[in-house]
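Student: First the structure, then my questions, so here it is.
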Amino acid sequence: MNDIAIELNETLQGTVAGRLLSDFGKRIYFPRGIIAQSAEAKKSASKANGTIGMAYSNGKPLLLPAFERYFPGFAPEEIVAYAPVAGSEALRKLWKNLILRKNPSLDPDSVYLPIVTPGVTAGIAYTAELFVNPGQTVLSAEPSWDNYSLIFEERCGGVMRGIYFFDDAGHLDIPKIDEAIRAEAANGSVRIIFNFPNNPAGYSPGVAEVDALVNCIRRAAEGGADVLVICDDAYFGFFYEDGVYKESIFSRLAGLHERVLAVKTDGPTKEDYSWGLRIAMITIGSKGLRPEHFDALEKKITGAIRSSVSCSNTPAQSLLLKIYKDETSAAQKDAFYTLLKERYEAVKRFIETRRGNPYLSPMPFNSGYFMCLRCNGIDAGRLRRELLEKQGIGVIAFGGEYIRVAFAGMEKEIIPEVFAAIYETATRIAV
Ligand SMILES: Cc1ncc(COP(=O)(O)O)c(C=O)c1O
């Protein structure tokens, strides 16, 4: 194993992160090569900098004039220069402040500076690579975003264990979730991913449910298990009902226990309507980690970034910095939130009119971009095809049993018509 990796592992020894590392997590490190040496040169090479693979003139990256035309107001280094592997320092600090503002109960001392990744997907994938070994179980809601299976199972060789998260009353089935956590804890470690608001169901827990989930995690840690909780907060902020916990559950986990490693993966993708910018963050929080541990973990994560995409997109980071500093952004964001909330309410109103339908039952939903219908006695794949071919309506079929409808993408005026077609088609193919 590389000497730097050995050093980092020694730093992490005896911590929850050190114990949870996968084999890849143990091997990976950030080299003291080109990037580190050129960062040093950037500070001290006053005469000439011959370290980095970029072309310069008069101290600025060479910029084709055509770029200037399409990026007015951007300096050359904001467009074409490589970004730091961990991301723009200014954006990282800004995002940390935003997280603290959006999650007032989060203790700032329990979290590290966020690290920029090219999208939330990448943040989850790096976390999985670092902490999931082949054969290890990852708990998640069932159904869950299908990419989890690609990441945890196909990429990392883990085994996903899905838990149907809801009871008959439409709340989280805490005893069932607790039982799954206990079963894993009995083997010494737990790996679980929470995704609220959830994809595909569109559910976020209430305050009491969050308390109960946190207690499940606390009990596992107190019993001696190391617990990795990934909080996939991709849809953070799209909460439409009173009583829903309006912070990330990460706030409650980051400082919970020395044996709990909480990893928040989030970003502007959905929150700030910038899906294709491919910028997101990994934020680590744990009561058991001191600054030198966070630092060692940053070197592991940046090693994973450096060895895959090398660094995230520079103009996207520069653009986001400008947008977050723009005073008009907040009001624009509020207006879009209202638009989505109205769509949610239109779906909810329609669904109320079809309660008790024998073929389709809505899963609990109160937040996010989606809602899900469970198919009873009909095939979700067939329903999807009929809707597409005969009605021109696109929905996603999950595992033969569920239909996911992304109401976020539909004008509110068309929602009753779309849902009427879904219910009518379901009835037609059932009989
Ligand atoms: C639950 C969940 N997590 C993460 C993502 C991906 O986010 P990104 O586009 O930033 O990779 C999605 C996108 O569909 C999602 O539904």
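Numbers 105 to 535, taken from the numbering used here, label the letters of the sequence shown in order.
Beta carbons are placed, not taken as given, at the ideal position from N, Cα and C, and that holds for glycine.
Using alpha carbons as the reference points, say which of 527, 370, 306 and 503 lies closest to residue 495.
Tutor: The residue with the shortest Cα to Cα distance from residue 495 is 527.
Student: Taking the C-alpha atoms as reference points, what is the distance between residue 355 and residue 209?
Tutor: Computed Cα separation, rounded: 6 Å.
Student: If we count the other Cβ atoms within 10 Å of its Cβ and call it buried at 16 or more, is residue 506 buried or exposed?
Tutor: Buried, by the Cβ-count rule.
Student: Of all the options 141, 357, 325 and 270, which has the alpha carbon lying nearest to the alpha carbon of residue 286?
Tutor: Cα-wise, what sits closest to residue 286 is 325.
Student: Excluding five sequence neighbours on each side, which residues of the same chain lie with their C-beta closer than 6 Å to the C-beta of residue 284?
Tutor: 243 and 267, listed in sequence order.
Student: Based on the DSSP output, what are the partners of residue 244 in its beta bridges?
Tutor: Looking at the DSSP assignment, residue 244 forms a beta bridge with 266.
Student: For my contact list, residue 334 and residue 369 are in at a C-beta cut-off of 8 Å; report their separation, rounded to the angstrom.
Tutor: Residue 334 to residue 369, Cβ: 6 Å. Contact.
Student: Can you tell me whether residue 86 is helix, strand or coil according to DSSP?
Tutor: No answer is possible for residue 86: the residues shown for the chain start at 105 and end at 535.
Student: Using DSSP with H/G/I as helix, E/B as strand and the rest coil, what is residue 502?
Tutor: In the structure shown, residue 502 sits in a strand (DSSP, three-state: E or B).
Student: When you compare only the Cα positions, how much space is there between residue 444 and residue 336?
Tutor: Between residue 444 and residue 336, the C-alpha separation is close to 20 Å.
Student: Please report the residue range of the alpha helix (DSSP H) in which residue 298 lies.
Tutor: From DSSP, residue 298 is part of no alpha helix (DSSP H) but of the beta strand (DSSP E) over 293-298.
Student: Name the DSSP bridge partner or partners of residue 507?
Tutor: The partner list for residue 507 (beta bridge, DSSP) reads 477 and 501.
Student: Answer yes or no: the CB of residue 303 versus the heavy atoms of ligand 1, is any distance below 6 Å?
Tutor: Yes, since a heavy atom of ligand 1 falls inside the 6 Å radius drawn around the Cβ of residue 303.
Student: Alpha carbon to alpha carbon, how far is residue 237 from residue 257? Give it in angstroms, no decimals.
Tutor: About 10 Å.
Student: Need the endpoints of the alpha helix (DSSP H) that residue 155 sits in, please.
Tutor: First-last for residue 155: undefined, no H or E at that position.
Student: By alpha-carbon positions, which one of 434, 307 and 233 ends up nearest to residue 466?
Tutor: Closest by alpha carbon: 307.
Student: Thinking C-beta only, is residue 367 closer than 7 Å to residue 225?
Tutor: Contact flag unset, no.
Student: Over what stretch of residues does the alpha helix (DSSP H) that includes residue 129 continue unbroken?
Tutor: First-last of the alpha helix (DSSP H) with residue 129: 127-131.
Student: Sort 205, 480, 473 and 191 by Cα distance to residue 344 and report the nearest one.
Tutor: Per the Cα distances, 473.
Student: Comparing the C-beta of residue 269 with each C-beta of chain D, is any distance below 7 Å?
Tutor: Looking at the structure shown, chain D is missing, and only one protein chain is on hand.
Student: From the DSSP secondary-structure annotation, give me the bridge partner or partners of residue 310.
Tutor: Paired residue(s): 348.
Student: Identify the residues that DSSP records as bridge partners of residue 104: which are they?
Tutor: The first residue shown for the chain is 105 and the last is 535, placing residue 104 beyond what the model contains.
Student: Using the three-state DSSP reduction, which class does residue 381 fall into: helix, strand or coil?
Tutor: Residue 381: helix per DSSP, three-state reduction.
Student: Distance check for residue 385 and residue 330, CA to CA, integer angstroms please.
Tutor: Straight-line Cα distance between these residues: approximately 23 Å.
Student: For residue 491, collect the residues of the same chain with a Cβ closer than 7 Å to its Cβ; drop the 5 residues on either side in sequence, then sort them by chain order.
Tutor: Excluding sequence neighbours, residue 491 sits near 497, 499, 525, 526 and 529.
Student: Kindly identify the DSSP beta-bridge partner or partners of residue 332.
Tutor: For residue 332, which the question treats as bridged, DSSP gives the partners 295 and 365.
Student: Can you name the residues that DSSP bridges to residue 343?
Tutor: In the DSSP output, where bridge partners are listed per residue, residue 343 has 471.
Student: Ligand 1 and residue 336: does the residue's C-beta get closer than 6 Å to at least one heavy atom of that ligand?
Tutor: Yes.
Student: What are the boundary residues of the alpha helix (DSSP H) that residue 115 is part of?
Tutor: That run of the alpha helix (DSSP H) goes 107-116.
Student: I'd like the list of long-range same chain contacts for residue 396, defined as Cβ closer than 8 Å, with 5 residues on each side in sequence excluded.
Tutor: Cβ within range, chain order: 115.
Student: Could you give the DSSP three-state label for residue 222: helix, strand or coil?
Tutor: Note: residue 222 maps to coil in three-state DSSP.
Student: Using C-beta distances below 6 Å, list every residue in its chain close to residue 159, excluding the 5 sequence neighbours before and after it, in chain order.
Tutor: Hits under 6 Å: 166.
Student: Between which residues of its own chain and residue 109 is the CB-CB distance below 6 Å, once the five residues before and five after are set aside?
Tutor: The answer, listed in chain order, is 131 and 133.
Student: Count the other CB atoms within 10 Å of the CB of residue 118; is the residue buried (16 or more) or exposed (fewer)?
Tutor: With fewer than 16 Cβ atoms within 10 Å of its Cβ, residue 118 is classed as exposed.
Student: What residue from 312, 339 and 316 has the CA that sits closest to residue 346's CA?
Tutor: Measuring from the Cα of residue 346, the nearest candidate turns out to be 312.
Student: Residue 448 to residue 151, Cα distance in whole Å?
Tutor: For residue 448 and residue 151, the distance between alpha carbons rounds to 60 Å.
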